[in-house]
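Respectively, the protein sequence lines represent chains A and B. Per numbering that gives the first Met the number 0, the first sequence runs over residues 0 to 133. Per numbering that gives the first Met the number 0, the second sequence runs over residues 0 to 133. Glycine is no exception: its CB is placed at the ideal position from the N, C-alpha and C atoms. Keep in mind that this is a model prediction, so the values were computed, not measured.
Protein chains: 2
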Amino acid sequence: MTDAEIVKAWDDICKVLNKDQDELKHDILNHVGNKWSLFVIHALGIDGKMRFSNLEKHINGISQKMLTKCLRELERDGLILRTVYPEVPPKVEYELTSLGRGLLLQVTPLWLWIARHSNELNNARANYIEQMGR
Amino acid sequence: MTDAEIVKAWDDICKVLNKDQDELKHDILNHVGNKWSLFVIHALGIDGKMRFSNLEKHINGISQKMLTKCLRELERDGLILRTVYPEVPPKVEYELTSLGRGLLLQVTPLWLWIARHSNELNNARANYIEQMGR
Numbered sequence: 000m001t002d003a004e005i006v007k008a009w010d011d012i013c014k015v016l017n018k019d020q021d022e023l024k025h026d027i028l029n030h031v032g033n034k035w036s037l038f039v040i041h042a043l044g045i046d047g048k049m050r051f052s053n054l055e056k057h058i059n060g061i062s063q064k065m066l067t068k069c070l071r072e073l074e075r076d077g078l079i080l081r082t083v084y085p086e087v088p089p090k091v092e093y094e095l096t097s098l099g100r101g102l103l104l105q106v107t108p109l110w111l112w113i114a115r116h117s118n119e120l121n122n123a124r125a126n127y128i129e130q131m132g133r
Numbered sequence: 000m001t002d003a004e005i006v007k008a009w010d011d012i013c014k015v016l017n018k019d020q021d022e023l024k025h026d027i028l029n030h031v032g033n034k035w036s037l038f039v040i041h042a043l044g045i046d047g048k049m050r051f052s053n054l055e056k057h058i059n060g061i062s063q064k065m066l067t068k069c070l071r072e073l074e075r076d077g078l079i080l081r082t083v084y085p086e087v088p089p090k091v092e093y094e095l096t097s098l099g100r101g102l103l104l105q106v107t108p109l110w111l112w113i114a115r116h117s118n119e120l121n122n123a124r125a126n127y128i129e130q131m132g133r
């Protein structure tokens with residue numbers, strides 16, 4: 000992104016930030032900051048449509064309760080689609096919507112940056128704390 | 000980003016997400032999700048080095064208390080640099096570090112995406128709530 004593109008982008012961003020959309024903003028950033036939500040978005044984005052039991056196997060260490068909660072919140076915000084097939088026993092599948100795919104695409108560079116700079120960020124904090132202590 | 004690039008990126012991201020770095024993760028995402036922190040990063044990123052009073056004028060509606068808090072947290076995480084010049088009266092300037100500039104670059108596309116899709120995200124939620132109510 001060039002400086003001019005950043006300035007232009009922020010015209011739009013400031014409009015949204017200045018509007019009273021705190022709840023939406025908060026919830027979207029909650030998905031972005033919640034490791035289990037990220038793992039669900041990532042699994043469905045990379046491996047496609049999946050059933051609950053399959054997702055559970057894909058995401059190491061997630062509890063049934065947490066998976067249920069994540070799926071409900073992601074569905075509420077239009078990021079995943081839940082399809083119930085009229086079969087006996089009923090079959091339920093989850094997939095990423097185009098909104099969800101968009102979020103995965105936006106979130107990946109941010110998280111990659113955090114991952115690659117985590118040492119630098121941690122060192123900055125350690126230095127700051129040390130200087131404050133003097 | 001291609002699918003292959005996303006898969007590759009997530010190898011690194013998962014390593015960080017699976018490590019116990021919750022505090023760092025939480026705080027960085029706090030800057031990303033806090034409109035005042037974003038405005039500070041944005042102002043310093045676009046208009047360069049600034050004094051407190053100048054920042055205060057640049058950021059419409061921010062209180063002195065909130066600006067002080069934001070600056071302290073951003074400095075703690077190595078995202079901005081605070082320079083005190085040995086003058087009388089002392090002059091203090093704030094500027095973005097290269098880490099801070101990096102975060103601005105990563106955060107801009109995510110926020111632009113949220114800004115551009117806020118109607119879609121709000122509609123998805125309204126539909127979901129309507130369907131749940133039936």
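{"Item": "Ala-8(A) to Leu-111(A) span [Cα, whole Å]", "Value": "21 Å"}
{"Item": "CB contact flag (Val-15(B), Ser-117(A), <8 Å)", "Value": "yes"}
{"Item": "Residue-chain proximity (Arg-115(B), chain A), Cβ-Cβ < 8 Å", "Value": "yes"}
{"Item": "contact_flag[the stretch 39-51 of chain B, the stretch 89-103 of chain A] where n(CB pairs < 8 Å) is 3 or more", "Value": "no"}
{"Item": "Members of the stretch 117-132 of chain B that neighbour chain A once the beta carbon cut-off is set at 9 Å", "Value": "Ser-117, Glu-119, Leu-120, Asn-121, Asn-122, Ala-123, Arg-124, Asn-126, Tyr-127, Ile-128 and Met-131"}
{"Item": "Neighbourhood of Lys-64(B) by C-beta, 8 Å cutoff - its chain only, sequence neighbours within 5 removed", "Value": "none"}
{"Item": "Within 8 Å, strictly: CB atoms of Leu-103(A) and Ile-12(A)", "Value": "no"}
{"Item": "Within-8 Å CB hit, Pro-108(B) to chain A", "Value": "yes"}
{"Item": "Secondary structure of Leu-104(B), DSSP reduced to three states", "Value": "helix"}
{"Item": "Helix, strand or coil at Leu-80(A) according to DSSP, with G and I counted as helix", "Value": "strand"}
{"Item": "Under 8 Å between C-beta atoms of Lys-24(A) and Ile-5(B)", "Value": "no"}
{"Item": "Tyr-127(A) versus Glu-74(B) - alpha carbon distance", "Value": "8 Å"}
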